[in-house]
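Worksheet: the structure to be examined is printed underneath.
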Amino acid sequence: MDSTMWDQRYASSELIWSAEPNQFVREHFQGEAPGRIVDLGCGEGRNAIWLAEQGWTVTAVDFSSVALEKAEALAKRRGVSLEIQNADLTSWRCDPPAYDAALLCYIHFPLATLATIWRAAFESLLPGGEVLIIGHHSRNLAEGVGGPQAAEVLFSPADVIEVLGAENIVEARDVTRKVESESGSALAIDALVVARRPG
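Reading the sequence shown from the start, the letters are residues 1 to 199 in our numbering.
Dropping the structure here:
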């Protein structure tokens, strides 16, 4: 998986994903006091733009320049701005820590690579800052619908806990999400974890 492939995919249509934020992002951040947040793997910016509309100062990071251009254009149309970073998540770092929150929404790599990305997101946080990690659950392959069909890039809350440490976990659970298709509605199973940097 490389940026060229994603550039081509993002260039193929106006919006690949919905312009609305992920339901779990909305639930978690609705009503929270805004600060600085980094959206890692922001894609076309649906979550980043919604967060900016809630008053957050948003750094939107992705390795697809096409996706970032679309995110910037959509943000402008909706009257907000994003701080754009064109970067590969596998090597992205923020030193010193600068964010009150971090978001990783449906970022999927083999577990060793994911662990590196999760740690980098956690280490980008200021004391007391939280990272929200949402992704297609390992269970989804057999029990849910959609998402990657390769077990090696899926994960569970337990995988995140092992990497970030149980002492830092605020919330870790399996969640379901309704997916609509031509054949009707079905449930996708996601993993959701919130971890807090000690403060």
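Beta carbons: idealized from backbone N, C-alpha and C, even for Gly.
Grab the span of the beta strand (DSSP E) containing residue i for me, first residue to last.
i	result
A195	184-196
Q85	83-86
P127	125-136
Does the separation of the CB atoms of residue i and residue j fall below 9 Å?
i	j	result
D134	A121	For the record, residue 134 in the displayed sequence is Ile; it is not Asp. Not closer than 9 Å, so no.
A191	V145	no
V194	A172	yes
L125	D100	yes
F29	Q54	yes
V61	W118	no
G35	W56	yes
L74	A33	no
Report the residue from the options whose alpha carbon sits nearest the alpha carbon of residue i.
i	options	result
L40	D174, E171, E182, I107	I107
K76	N86, V58, I49, R93	I49
Q149	I161, H136, P21	H136
Counting only the same chain and skipping the five closest in sequence on each side, list residues whose C-beta sits under 7 Å from that of residue i.
i	result
K178	S185, L187
W17	Because the pLDDT of W17 is 49, which lies under 50, any placement of that residue in the model is unreliable, and the number read from its coordinates should be weighed accordingly. G43, E44, R46.
V58	I37, D39, A48, L51, A52, L82, E83
V170	E130, V194, A195, R196
E182	none
Identify, in the order they occur along the chain, each residue of the same chain with its Cβ nearer than 6 Å to the Cβ of residue i, setting aside the five sequence neighbours on each side.
i	result
W6	Reliability fails at W6, whose pLDDT of 45 lies under 50, so the model's placement of it is uncertain and no value is given.
E152	P110
Among the residues of its own chain, which have a CB less than 8 Å from the CB of residue i, if the five just before and after it don't count?
i	result
N168	F122, A195, R196, R197, P198
Y10	Only weak support exists for where Y10 lies, its pLDDT of 47 falling under 50; the value from the coordinates is given anyway. Contacts found: I16, G43, E44, S64, V66, A67, K70.
N140	G146, G147, L154, A188, I189, D190
I161	I169, A172, V193
Among all the DSSP beta bridges, which residues are the ones paired with residue i?
i	result
L104	L40, I133
T57	R36
D62	N86
Could you spell out the range, first to last residue, of the alpha helix (DSSP H) harbouring residue i?
i	result
A158	157-164
R26	23-29
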